[in-house]
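Single-structure report; data block below.
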Amino acid sequence: MNLIDQVKFLIKKELLLEWRSKYALNGVLLYVVSTVFVCYLSFVSVEKITWNALFWIIMLFASINAVSKSFLQESKGRQLYIYTIASPLALIISKTIYNVLLMMLLTVIALGFYTLVFNYVPEDLGLYIVATLLGSLSFSTIFTMVSAIASKAGNGGMLMAILSFPVIIPVLIVLIKLTKNAIDGLDRSVSMDEIGILLIINALVMAVSLILFPYLWRD
Numbered sequence: 002m003n004l005i006d007q008v009k010f011l012i013k014k015e016l017l018l019e020w021r022s023k024y025a026l027n028g029v030l031l032y033v034v035s036t037v038f039v040c041y042l043s044f045v046s047v048e049k050i051t052w053n054a055l056f057w058i059i060m061l062f063a064s065i066n067a068v069s070k071s072f073l074q075e076s077k078g079r080q081l082y083i084y085t086i087a088s089p090l091a092l093i094i095s096k097t098i099y100n101v102l103l104m105m106l107l108t109v110i111a112l113g114f115y116t117l118v119f120n121y122v123p124e125d126l127g128l129y130i131v132a133t134l135l136g137s138l139s140f141s142t143i144f145t146m147v148s149a150i151a152s153k154a155g156n157g158g159m160l161m162a163i164l165s166f167p168v169i170i171p172v173l174i175v176l177i178k179l180t181k182n183a184i185d186g187l188d189r190s191v192s193m194d195e196i197g198i199l200l201i202i203n204a205l206v207m208a209v210s211l212i213l214f215p216y217l218w219r220d
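Each residue of the sequence shown is one higher than the last, beginning at 2 in our numbering.
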């Protein structure tokens with residue numbers, strides 16, 4: 002199979018496994034719904050800045066729960082099977098695409114539920130949705146790469162947290178600034194720099210993944 006066929010096959014495999022177990026979708030949705038409900042009971046009404054920060058904190062941990070299983074929960078037998086049928090590039094691309102799709106779905110559902118519970122809609126909802134989708138893309142690419150690295154070491158969960166911290170904090174800062182612009186209803190041209198930064202970070206992380214993962218996969 003060529004690279005594209007391998008990627009399609011591996012994405013189909015991920016979708017079938019998720020459809021059978023529904024671990025990531027159900028588990029993360031339960032986490033998001035319960036966390037939003039607890040926040041509502043604790044605050045009832047919050048300032049716009051707090052509302053925004055709470056949303057990204059919830060989505061950060063939801064992303065970790067959803068994406069960390071990409072490599073950390075793969076059995077040795079399954080890894081060996083994939084090693085024999087697909088190239089490392091096809092594997093990392095398929096994992097990233099699947100996690101991006103999963104996180105975008107979860108983020109849209111979470112945002113809808115979050116705005117419904119707190120009865121608040123940002124001034125520029127369109128820009129806010131774009132920002133959340135960019136955030137999903139960023140979280141997915143970063144945590145997929147870090148999960149691949151951490152899976153090759155012992156105590157991968159702790160290593161994943163340590164490795165992702167320096168990368169994810171700047172992304173969170175940019176996302177919070179971008180979504181604050183949407184909440185305040187500022188002109189969209191003001192937010193072009195933040196959107197550009199997020200796209201560059203995603204491109205760099207994906208490039209690093211494609212370069213490093215073949216060497217990791219050999220081990």
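Cβ coordinates follow ideal geometry from the N, Cα and C atoms, glycine included. In this text the structure is predicted, and so the values were computed from the model without any measurement.
- With 16 or more other CB atoms across the displayed protein chains lying within 10 angstroms of its CB, F140 is buried.
- The three-state secondary structure of G186, taken from DSSP, is coil.
- Linking V122 to D185 through their CA atoms gives a straight-line distance of about 11 Å.
- For D6, the enclosing alpha helix (DSSP H) stretches over residues 4-22.
- Closest in alpha carbon position to R79, among D6, E124, K14, is K14.
- L18 and F10 have their C-alpha atoms some 12 Å from each other.
- The beta carbons of M161 and S69 sit closer together than 8 Å.
- Assignment of K77 by DSSP, reduced to helix, strand and coil, places it in the helix class.
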